[in-house]
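**Student:** Got a structure here, written out as structure tokens. Questions coming.
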Amino acid sequence: MAKQITKPQKQLSFVVDLNKCIGCQTCTVACKKLWTNQRGEEPIYWRNVETRPGKGYPRNWENEGGGFNAAGEVQRGRMPTAGDYGVPFEFDYEARLFEGVPGRVRPRPAASGSGFASWAPNFDEDQGEGAYPNNYYFYLPRHCNHCSKPACLEACPNDAIYKRAADGVVLVDQTKCKAARNCVQACPYDKTYFNTATQKASKCIGCYPRIEKGVATACVAQCVGRAMHVGFMEDTASSVHKLVKVWKVGLPLYGERGTEPNMFYIPPVLGPAVEDAQGNLRTDKKIPLEYLVKLFGNDVPRVMKLLNDERGKRLMSQPSELMDIMIGRRSADMMLNPLT
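Structure (structure tokens):
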């Protein structure tokens, strides 16, 4: 029997404009330094920015299962291995910079200091797919979606995971967690982790201490590209409400997995066009439409047309509320409070 989840008074929500994300990893570093810098958290990144197409973090998370089936039953997928997350590594700078040892500086596992690291977050950064001049890639920032129907919550046999009534943030009660790890297997986005040092589940907390003070989450506040929006979906004046509910350009990632995520993406449909053999630009984009549909669903073509129409208005010096929202001239218009 499905667990009863009390509908929160309001829902903290995020929108990421993938047309603007530059893959700088500032949000990743901000989150890592603030929340996951303790013992056992070395391989844990609540927030990460991965290159698409790519294997992602943890490796191949898209193909590991989880979420809900057509009957609404929670599904437990494959448990990622330590290698899928990437063993923490270091570079032998001492030998190269001070001892004059020849050869390339290559990453070595921090624990053993021998061998070479074979995988880590962003190991395939900026690789993408396709052949020049039509090769392509884009960046996909990810953290917990703070779903309205969290598979992690449903899967936990100890009722250690709950959804806050005040803001809809999904949290782990560390006093109740018994290391079952069902939550790790059930999340279809692999955004619930297990700390091997504490033997407790670990996940993004939505920066709720900041939210309680009216301050934006660290990842959004630190975004140098103004690619991210955060707010409460019920606030009709918020940019997240306007982008998702009014203009309907914010789409969930793998929405068919049944968790009703509250992190939305504006697909990267404004990128460069395909070039023919003579270097002339065609009307289709380098990022294949079918790939974007796979990630964000069948509404991608509609969003693409709308964005191009609205951008066309601005090119003709006509007003466009949507373009103004997406440009984000003032940080305060994109988030609760830009204080970092």
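Numbering (my numbering), first residue to last: -10 to 329.
The beta-carbon is built from N, C-alpha and C at its ideal position, and this holds for glycine as well.
1. Could you pull out every residue in the same chain whose Cβ sits closer than 6 Å to the Cβ of Pro91, ignoring the five residues on either side in sequence?
2. Helix, strand or coil: how does DSSP classify Ala262 here?
3. Compare the Cα-Cα distances from Arg153 to each of Glu310, Val263, Pro146 and Lys138 and report the closest residue.
4. Any idea what DSSP makes of Met293, helix, strand or coil?
5. Name the one or two DSSP bridge partners that Leu1 has.
6. Roughly how many whole angstroms lie between the Cα atoms of Val159 and Asn123?
7. Measure from the alpha carbon of Ser320 to the alpha carbon of each residue in Leu270, Gly75 and Gly220, then state which is nearest.
8. Let me know the secondary structure DSSP gives Phe253 once reduced to three states.
9. Can you tell me whether Thr272 is buried or exposed, with buried defined as 16 or more other CB within 10 angstroms of its CB?
10. Skipping 5 residues on each side, what residues in its chain have a beta carbon closer than 8 Å to that of Ile200?
11. Which of helix, strand or coil does DSSP assign to Ala109?
12. Can you give the beta carbon distance from Leu142 to Tyr128, rounded, assuming they're within the 8 Å contact cut?
13. If contact is defined by three or more beta carbon pairs under 8 Å, each pair taking one atom from either stretch, is the segment 52 to 61 in contact with the segment 233 to 248?
14. The beta strand (DSSP E) spanning Val159 covers which residue range?
15. Leaving out the 5 sequence neighbours to the left and right, which residues in its chain are closer than 8 Å to Leu7 when beta-carbon positions are compared?
16. Taking DSSP as the reference, what is the three-state secondary structure of Thr329?
17. For Ala262, which option in Pro250, Asp288, Tyr121 and Val209 has the closest C-alpha, if you only look at C-alpha atoms?
18. For Tyr197, which three-state DSSP category applies?
19. Just grab the DSSP bridge partners of Asn37 for me.
20. Going by Cα to Cα distance, which pick from Tyr125, Met293, Met323 and Arg41 is closest to Leu240?
21. Would you mind stating whether Lys44 and Asp113 have Cβ atoms separated by less than 7 Å?
22. Would you give the residue range spanned by the beta strand (DSSP E) that Thr206 belongs to?
23. For the alpha helix (DSSP H) that Lys138 lies in, which residues bound it at each end?
24. Are there 16 or more other CB atoms within 10 angstroms of the CB of Gly268, so buried, or fewer, so exposed?
25. For a cutoff of 7 Å on Cβ pairs, would you count Val76 as touching chain C?
26. Does the segment 60 to 69 come into contact with the segment 168 to 182, if we say contact requires no fewer than three beta-carbon pairs (one atom in each stretch) closer than 8 Å?
27. In whole angstroms, give me the CA-to-CA distance for Pro250 and Asn134.
28. Could you give the C-beta distance for His218 and Val204, rounded to a whole number, given that I count them as a contact under 8 Å?
29. With Glu39 and Arg131 assumed to form a contact (beta carbons below 8 Å), what rounded beta-carbon distance in angstroms separates them?
30. From the DSSP output, in three-state form, read off Val63 for me.
31. So, helix, strand or coil for Leu343, using DSSP?
32. In the DSSP assignment, what are the bridge partners of Glu118?
33. With which residues is Ile150 paired in a DSSP beta bridge?
34. Alpha carbon to alpha carbon, what distance is there between Leu270 and Glu264?
35. Mapping the DSSP letters down to three states, classify Leu167 as helix, strand or coil.
36. Quick check: Gly29 and Asn171, are their CB atoms within less than 7 Å of each other?
**Tutor:** On the basis of the supplied data:
1. On the sequence shown, position 102 is the one that residue 91 refers to. None.
2. For the purposes of this step, residue 262 is taken as residue 273 along the sequence shown, with counting starting at 1. The three-state reading of DSSP puts Ala262 in strand, counting E and B together.
3. Translated into the one-based positions of the sequence shown, residue 153 becomes position 164. Out of Glu310, Val263, Pro146 and Lys138, Lys138 has the C-alpha closest to the C-alpha of Arg153.
4. Here the question's residue 293 lines up with position 304 in the sequence shown. Three-state DSSP puts Met293 in a helix.
5. Residue 1 sits at position 12 when you count from the first residue of the sequence shown. Note: Leu1 sits in a beta bridge opposite Phe221.
6. Position 170 of the sequence shown, counted from the start, is the residue given in the question as residue 159. Position 134 of the sequence shown, counted from the start, is the residue given in the question as residue 123. Approximately 41 Å, taken between the alpha carbons.
7. In the sequence shown, counting from the first residue as 1, residue 320 sits at position 331. Per the Cα distances, Gly220.
8. Looking up residue 253 in the sequence shown gives position 264. Of the three classes helix, strand and coil, the one that applies to Phe253 here is strand, per DSSP.
9. In the sequence shown, residue 272 corresponds to position 283, counting from 1. Exposed: under 16 other Cβ atoms inside 10 Å.
10. Your numbering for residue 200 matches position 211 in the sequence shown. Around Ile200: Leu1, Asp156, Val158, Thr206 and Leu325.
11. Translated into positions along the sequence shown, residue 109 becomes position 120. It is coil, neither helix nor strand.
12. The count along the sequence shown starts at 1 and reaches residue 142 at position 153. The count along the sequence shown starts at 1 and reaches residue 128 at position 139. Actually they are not in contact, since the Cβ atoms of Leu142 and Tyr128 sit about 29 Å apart, beyond 8 Å.
13. When Cβ pairs closer than 8 Å are counted between the two stretches, the segment 233 to 248 is seen to touch the segment 52 to 61, the count reaching three or more.
14. Your numbering for residue 159 matches position 170 in the sequence shown. Val159 to Val161 is the span of the beta strand (DSSP E), which, as asked, contains Val159.
15. Here residue 7 corresponds to residue number 18 of the sequence shown, with the count starting at 1. Apart from sequence neighbours up to five positions away, the residues of its chain that approach Leu7 with a beta-carbon distance below 8 Å are Phe127, Tyr128, Leu129, Ala216, Tyr254, Ile255, Pro256 and Pro257, ordered along the chain.
16. For the purposes of this step, residue 329 is identified with residue 340 of the sequence shown, where counting begins at 1. Residue placement at Thr329 cannot be trusted, given a pLDDT of 45 that sits under 50; what the coordinates show is reported in the next sentence. Looking at Thr329 - three-state DSSP - the assignment turns out to be coil, as it is neither helix nor strand.
17. In the sequence shown, residue 262 corresponds to position 273, counting from 1. Ranking Pro250, Asp288, Tyr121 and Val209 by Cα distance to Ala262 puts Tyr121 first.
18. Position 208 of the sequence shown, counted from the start, is the residue given in the question as residue 197. Helix at Tyr197.
19. Against the sequence shown, residue 37 aligns to sequence position 48. Its beta-bridge partners are Arg131.
20. Counting from one through the sequence shown, the residue named residue 240 turns up at place 251. Minimum Cα distance to Leu240 is reached at Met293.
21. For this step, residue 44 is matched to residue 55 along the sequence shown. For this step, residue 113 is matched to residue 124 along the sequence shown. Judged by their CB atoms, Lys44 and Asp113 are nearer to each other than the 7 Å cut-off.
22. Locating residue 206 in the sequence shown gives position 217, counting from the first residue. First-last for Thr206: undefined, no H or E at that position.
23. In the sequence shown, residue 138 corresponds to position 149, counting from 1. Note, Lys138: premise wrong, no alpha helix (DSSP H); not H, not E.
24. In the sequence shown, residue 268 corresponds to position 279, counting from 1. With fewer than 16 other Cβ atoms within 10 Å, it is exposed.
25. In summary, chain C is missing from the structure at hand, where a single protein chain is found.
26. Yes, since at least three Cβ pairs between the segment 60 to 69 and the segment 168 to 182 fall closer than 8 Å, the two stretches touch.
27. Looking up residue 250 in the sequence shown gives position 261. Looking up residue 134 in the sequence shown gives position 145. If I take the Cα positions, the gap works out to 5 Å.
28. In the sequence shown, the residue the question calls residue 218 occupies position 229. In the sequence shown, the residue the question calls residue 204 occupies position 215. Actually they are not in contact, since the Cβ atoms of His218 and Val204 sit about 15 Å apart, beyond 8 Å.
29. The residue labelled residue 39 in the question sits at position 50 within the sequence shown. The residue labelled residue 131 in the question sits at position 142 within the sequence shown. Confirmed, about 7 Å.
30. To locate residue 63, count along the sequence shown from 1; it is residue 74. Assigned with DSSP and collapsed to three states, Val63 falls in strand.
31. Nothing can be reported for residue 343, as the shown portion of the chain is limited to -10 through 329.
32. For the purposes of this step, residue 118 is taken as residue 129 along the sequence shown, with counting starting at 1. Residue pairing for Glu118: DSSP places it in a beta bridge opposite Tyr125.
33. Residue 150 sits at position 161 when you count from the first residue of the sequence shown. When DSSP reads this structure, Ile150 sits in a beta bridge with Val161.
34. The sequence position of residue 264 within the sequence shown is 275, counting from 1. The sequence position of residue 270 within the sequence shown is 281, counting from 1. In a straight line, the C-alpha of Glu264 is about 5 Å away from that of Leu270.
35. Your numbering for residue 167 matches position 178 in the sequence shown. A small fix is needed here, since residue 167 is Lys in this sequence, not Leu. Residue state, collapsed to three classes: coil.
36. In the sequence shown, residue 29 corresponds to position 40, counting from 1. In the sequence shown, residue 171 corresponds to position 182, counting from 1. The answer is no: Cβ separation not under 7 Å.
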